[in-house]
Structure formats: C-alpha cells, structure tokens
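In case it helps, the working numbering puts the sequence shown at residues 92 to 463.
Every residue, glycine too, gets a C-beta built ideally from N, C-alpha and C.
Computed from a predicted model, the values in this text were never measured in an experiment.
Below is one structure; the comments refer to it alone.
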Amino acid sequence: MVINILHLRSGFRFGGPEKLIINSLKYMADSEFRFILSSFILKNIENEFLRYANNQNIKTEPVYINSPFDLSSIRSLKEIIKKHDIRLLIAHDYRAVVISYFARRNTSVKLVAVAHGWTSQSLKIRIYEFVEKRFFPFMDKVVAVSGPKYEELLKLGLPKEKTEKIENCVEIPPKEKIVKTNQLKEELGLLSDDVLIGSVGRLGVEKGHKYLIESSAKLKNKFPSARYVIIGDGSEMANLKSLAERLGVRKLIHFCGWRSDIETIYRGLDIFVLPSLTEGLPIALLEAMSYALPVIASSVGGCPDVVISRKSGILVKPADSDRLADAIGDLIDNKAKRDAMGLEAYSRILENYNMKKYSSSFLELFKKMLSQ
Numbered sequence: 092m093v094i095n096i097l098h099l100r101s102g103f104r105f106g107g108p109e110k111l112i113i114n115s116l117k118y119m120a121d122s123e124f125r126f127i128l129s130s131f132i133l134k135n136i137e138n139e140f141l142r143y144a145n146n147q148n149i150k151t152e153p154v155y156i157n158s159p160f161d162l163s164s165i166r167s168l169k170e171i172i173k174k175h176d177i178r179l180l181i182a183h184d185y186r187a188v189v190i191s192y193f194a195r196r197n198t199s200v201k202l203v204a205v206a207h208g209w210t211s212q213s214l215k216i217r218i219y220e221f222v223e224k225r226f227f228p229f230m231d232k233v234v235a236v237s238g239p240k241y242e243e244l245l246k247l248g249l250p251k252e253k254t255e256k257i258e259n260c261v262e263i264p265p266k267e268k269i270v271k272t273n274q275l276k277e278e279l280g281l282l283s284d285d286v287l288i289g290s291v292g293r294l295g296v297e298k299g300h301k302y303l304i305e306s307s308a309k310l311k312n313k314f315p316s317a318r319y320v321i322i323g324d325g326s327e328m329a330n331l332k333s334l335a336e337r338l339g340v341r342k343l344i345h346f347c348g349w350r351s352d353i354e355t356i357y358r359g360l361d362i363f364v365l366p367s368l369t370e371g372l373p374i375a376l377l378e379a380m381s382y383a384l385p386v387i388a389s390s391v392g393g394c395p396d397v398v399i400s401r402k403s404g405i406l407v408k409p410a411d412s413d414r415l416a417d418a419i420g421d422l423i424d425n426k427a428k429r430d431a432m433g434l435e436a437y438s439r440i441l442e443n444y445n446m447k448k449y450s451s452s453f454l455e456l457f458k459k460m461l462s463q
C-alpha cells in the first residue's frame with residue numbers, strides 16, 4: 092500500500108531549502124511513500140519551486156491565494172489532504188506551519204515542521220518567526236537542520252522526544268565534475284590566472300555580502316589579480332552595488348543575479364566565501380565543499396560543525412571584514428593550500444553530508460511516526 096506524504100513550502104523562489112527537498116525525493120523514489128509538493132501561487136507571480144518540481148516530474152498541488160495570508164489557503168490545503176489521502180504533512184516555513192496546523196485539525200494526519208533557520212532580518216520577519224515558534228509545541232515532530240538549531244529548539248522548551256536533528260546534505264557530484272574549468276572566467280572577461288572569489292545566496296542583509304565587498308577593498312592593492320562574483324538576487328542588490336562603487340571596487344565585482352547553472356559557477360571559482368551573520372546549515376556552503384572548493388565561512392549556525400577550520404576551510408568571526416580579508420588573502424597567496432583544503436572539504440562532505448544519509452534519516456522518521 093502506497094502512503095502519501097505532502098511537503099508544503101510557502102515561498103515562491105527556488106533556493107537552498109527548495110533544492111534540498113526536491114533532490115531528497117530522488118533518493119526516496121523506491122520507498123513505500125509517494126510524495127507530493129505543494130506551494131502557494133499568488134496572483135500572477137510564478138512559483139519557481141513548483142516549476143522546477145514539475146520539470147523533475149514530481150507531483151505538485153498549487154494553492155492559489157490572493158494575499159500572503161489568504162485564509163482560504165486553509166480550506167484549499169484541507170481539500171488537497173482529502174483528495175490524496177495524505178497521511179503525513181511536512182511544513183517547511185512559518186506560513187506553512189501555521190496553515191498546516193489549521194488544515195490538519197480534526198484529521199489523523201501527522202504533522203512535521205522543519206526548522207531551516209531564522210533570519211530576523213526585519214520586524215515583520217521577526218514577528219512571523221515568533222509566531223512559528225509558538226506553534227512548534229503543536230507539531231508531532233520538529234526537525235532541526237543543524238546541531239545549533241536543535242539546541243535552540245530545546246531551549247524553546249520542546250521536549251527531546253518531539254525534536255529531531257537531521258542535518259542538511261547535498262548531492263555529491265562525480266569526481267570528473269569537480270575539475271576546474273575556465274568557462275565562468277571567460278564569460279566574465281577574466282584571465283585564467285585571475286583568482287576568482289565567489290559567494291552564492293540570496294542578497295539579504297543577514298547574508299553579510301557587505302563584508303565581502305569591504306574585504307575586497309582592503310585587498311585590491313595587494314592582490315590586483317583578485318576578482319569577485321556574487322551569485323543571487325534579493326533586496327540588497329542595489330545597496331551592495333552602491334557600496335562597491337563607493338569603495339572603488341565596482342569593476343572588480345560581478346553581480347550575476349540568480350543562476351541555474353550552479354555547476355558552472357562552482358567549477359569556475361577558486362575560493363568560496365559565506366559571510367553570513369546568521370545561518371541554519373547553508374546548502375551553498377555544502378555545495379561549494381562538494382566541488383572541492385576551499386571555503387571561508389562565518390562561524391555561525393551549523394557552519395562550525397561542517398568546516399574544520401584551517402583543514403577543510405577557514406572559519407571567521409561574522410561581521411568582521413578585517414578578519415575576512417586576512418582569510419581571503421591567505422588563500423589567494425597560496426594555491427597549494429587552496430587545493431589541499433578543497434580536497435579535505437570534498438572528503439568531509441562525501442562522508443558526512445551526502446544525500447543518501449539525509450534521505451535515509453527522513454525515511455526512518457516517517458516510518459516511525461506512521462507506525463505510532
């Protein structure tokens with residue numbers, strides 16, 4: 092008998108959490124479960140998550156809404172639950188948690204919330220996150236994506252038996268795919284000998300890109316061959332470009348927006364930087380390490396669990412452009428160190444953060460919950 096499980100993610104964009112959800116389903120295809128993905132469609136805004144899922148031939152169920160908190164979404168989700176005889180519902184963000192709580196009332200559906208992380212980037216977001224945390228006690232299980240997030244859930248008062256830690260993971264590229272190429276450098280008009288430093292992620296204040304830009308200004312005279320690329324879209328794009336202009340490094344930094352050809356990006360970089368102020372366990376960091384890139388990451392969230400500093404990467408204090416510049420300069424100046432660090436990073440991800448391990452952990456959780 093096939094058991095139907097529904098994933099609900101309310102956002103319209105396609106980023107790390109969305110990629111993780113879809114990639115994990117490939118490794119669960121032979122299980123006794125059938126997975127359906129659901130997300131909201133607001134008026135004429137395209138939902139990138141559902142579009143990507145459809146392209147992967149994954150069953151989807153859109154929830155049409157007229158506003159971000161359209162209460163009719165509760166009724167729509169109830170109908171989806173009934174239509175597909177959903178036995179277990181997985182909510183992946185604050186809006187999904189709240190809507191799922193009300194939609195599954197008076198049913199036997201098990202409800203799991205996944206705590207990907209909290210940004211606290213604005214008063215509105217802080218209110219949403221406050222509400223989400225208040226709903227966690229009403230979940231059947233809350234999954235933390237990193238060790239620090241797990242500890243944070245316990246500090247909120249959640250009992251251990253209701254809390255689970257399943258760390259984020261990534262698909263590991265085959266070894267022939269981690270060989271460096273000059274495709275990205277050629278696209279950007281760079282020389283093959285230029286050292287390309289890059290960051291991948293949404294452009295929000297909490298992602299700390301301003302500190303990478305400040306670091307580039309500190310390094311420009313000592314390392315004239317250093318170039319930078321920032322991959323991603325977001326509310327901070329204009330501010331970051333303006334900062335680069337003011338610091339005299341705009342010509343050194345390429346803002347490429349969101350890119351789907353992520354393999355080209357990682358294979359084209361020499362150094363990966365994650366300058367975040369807060370994180371859960373960032374997919375971009377895991378991806379960069381899986382492509383054998385030396386990484387420099389802020390010591391926040393789950394990053395210290397992944398990066399063994401000075402071995403599989405370098406950890407730096409967040410919001411400190413001086414320390415970040417020192418770390419970048421250290422790697423620009425030493426290709427042998429970059430190569431050795433990249434291989435250590437690849438080995439660490441291969442052994443500890445692979446998708447097979449992640450999917451097996453979730454399948455075990457599903458079976459346990461549905462047997463109760």
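Exercise. Assuming residue 227 and residue 249 make a contact with CB atoms under 8 Å, what is their CB distance in whole Å?
Worked result: The pair is a contact, with the Cβ atoms about 6 Å apart (cut-off 8 Å).
Handout entry: When 187, 108 and 299 are compared against residue 327, the one with the closest alpha-carbon
Key = Nearest option by C-alpha distance: 299.
- prompt: residue 440 and residue 377 look like a contact to me (Cβ under 8 Å); what is the Cβ gap, rounded to whole Å?
  reply: Yes, residue 440 and residue 377 are in contact; Cβ-Cβ is about 6 Å, under 8 Å.
Given a threshold of 16 other Cβ atoms within 10 Å of its Cβ, counted over all protein chains shown, does residue 234 qualify as buried or as exposed?
Counting of Cβ neighbours within 10 angstroms places residue 234 among the buried residues, the total reaching 16 or more.
How about residue 256 and residue 208: are their beta carbons less than 9 Å apart?
-> No, the Cβ-Cβ distance between residue 256 and residue 208 is not below 9 Å.
Original post:
Can you tell which of 420, 319 and 295 has the C-alpha that lies nearest to the C-alpha of residue 304?
Top reply: Considering only alpha carbons, the answer is 319.
>> Considering only their Cβ atoms, is the gap separating residue 292 from residue 420 smaller than 9 Å?
In response: Not closer than 9 Å, so no.
**Request:** With DSSP collapsed to three states, give me the class of residue 178.
**Result:** Note: residue 178 maps to strand in three-state DSSP.
Give the DSSP-derived three-state secondary structure of residue 445 in the structure shown. It is a strand residue.
* Grouping DSSP H, G and I as helix and E and B as strand, with all else coil, what is residue 382? -> Shown here, residue 382 sits in coil according to DSSP, grouped into three states, outside any helix or strand.
**OP:** If I'm right that residue 183 touches residue 100 with Cβ under 8 Å, what's the distance once you round it to whole angstroms?
**Re:** Indeed they touch by this definition, with Cβ atoms about 4 Å apart.
Check: From what residue to what residue does the beta strand (DSSP E) around residue 157 run?
Finding: Per DSSP, residue 157 belongs to no beta strand (DSSP E) and is neither H nor E.
Can you round the beta-carbon distance between residue 371 and residue 387 to whole angstroms, since I take them to be within the 8 Å contact cut? At roughly 19 Å, the Cβ-Cβ gap does not stay under 8 Å, so residue 371 and residue 387 are not in contact.
**Message:** Within the continuous beta strand (DSSP E) that includes residue 319, where are the two ends?
**Reply:** Annotation: the continuous beta strand (DSSP E) that includes residue 319 extends over 317-322.
Exercise for the section: Name the residue from 121, 151, 171 and 385 whose alpha carbon lies nearest to the alpha carbon of residue 289. Expected result: Residue 289 has its Cα closest to that of 385, out of 121, 151, 171 and 385.
task: Return the bridge partner residues of residue 400 from the DSSP annotation.
output: In the DSSP assignment, the residues bridged to residue 400 are 404.
Practice problem: Using 10 angstroms around the beta-carbon of residue 93, count the other beta-carbons present and answer buried if the total reaches 16, otherwise exposed. | Solution: It is exposed - the Cβ of residue 93 has fewer than 16 other Cβ atoms within 10 Å.
I'd like to check one pair, residue 393 with residue 237: are the Cβ atoms closer than 9 Å?
A contact, by the Cβ cut-off of 9 Å.
query: Do residue 129 and residue 151 come within 9 Å of each other at the CB atom, strictly closer than that value?
result: When the beta-carbon positions are compared, residue 151 and residue 129 come within less than 9 Å of each other.
- prompt: From 177, 301, 175 and 369, pick the residue whose C-alpha is nearest to that of residue 340; which is it?
  reply: Of 177, 301, 175 and 369, the residue nearest in Cα terms is 301.
Check your understanding: Once you ignore the five residues that flank residue 410 on each side, which residues in its own chain have a CB closer than 7 Å to its CB?
Key -> 299, 302 and 368, listed in sequence order.
Q: Give me the Cβ distance between residue 345 and residue 279, rounded to the nearest whole Å; I'm assuming they're in contact under 8 Å.
A: At roughly 5 Å, the Cβ-Cβ gap stays under 8 Å, so residue 345 and residue 279 are in contact.
Query - For residue 427, the three-state DSSP class (helix, strand or coil) - result: If DSSP states are grouped into helix, strand and coil, residue 427 belongs with the helices.
Top-ranked residue by Cα proximity to residue 267, from 443, 437, 447 and 448: If we check each option's Cα against that of residue 267, 437 comes out closest.
- Item | CA-to-CA distance, residue 179 to residue 204, given in whole angstroms | So the two alpha carbons sit approximately 11 Å from each other.
What does the alpha-carbon distance come out to for the pair residue 306 and residue 416? In this structure, the alpha-carbon of residue 306 lies about 5 Å from that of residue 416.
Requested in this report: State the Cα-Cα distance for the pair residue 424 and residue 359, rounded to the nearest angstrom.
Outcome: Residue 424 and residue 359 have their alpha carbons spaced roughly 18 Å apart.
(request) Taking 9 Å as the cut-off, decide whether the C-beta atoms of residue 160 and residue 142 are in contact. (result) Their beta carbons are not under 9 Å apart, which means residue 160 does not touch residue 142 by this criterion.
Nearest by alpha-carbon distance to residue 133: which of 243, 181, 162 and 118 is it? Cα-wise, what sits closest to residue 133 is 162.
Residues bridged to residue 95 by DSSP? Residue 95 is bridged by DSSP to 125 and 177.
| request: Counting only the same chain and skipping the five closest in sequence on each side, list residues whose C-beta sits under 6 Å from that of residue 201. | output: Setting aside the 5 residues that flank it on each side, residue 201 is surrounded in the same chain by 179, 231 and 460, each with a C-beta closer than 6 Å to its C-beta; the list follows chain order.
**Q.** Backbone CA spacing between residue 349 and residue 139 [nearest angstrom]
**A.** Computed Cα separation, rounded: 12 Å.
Original post:
Where does residue 146 land, buried or exposed, given buried means 16+ other C-beta within 10 angstroms?
Top reply: Result: exposed.
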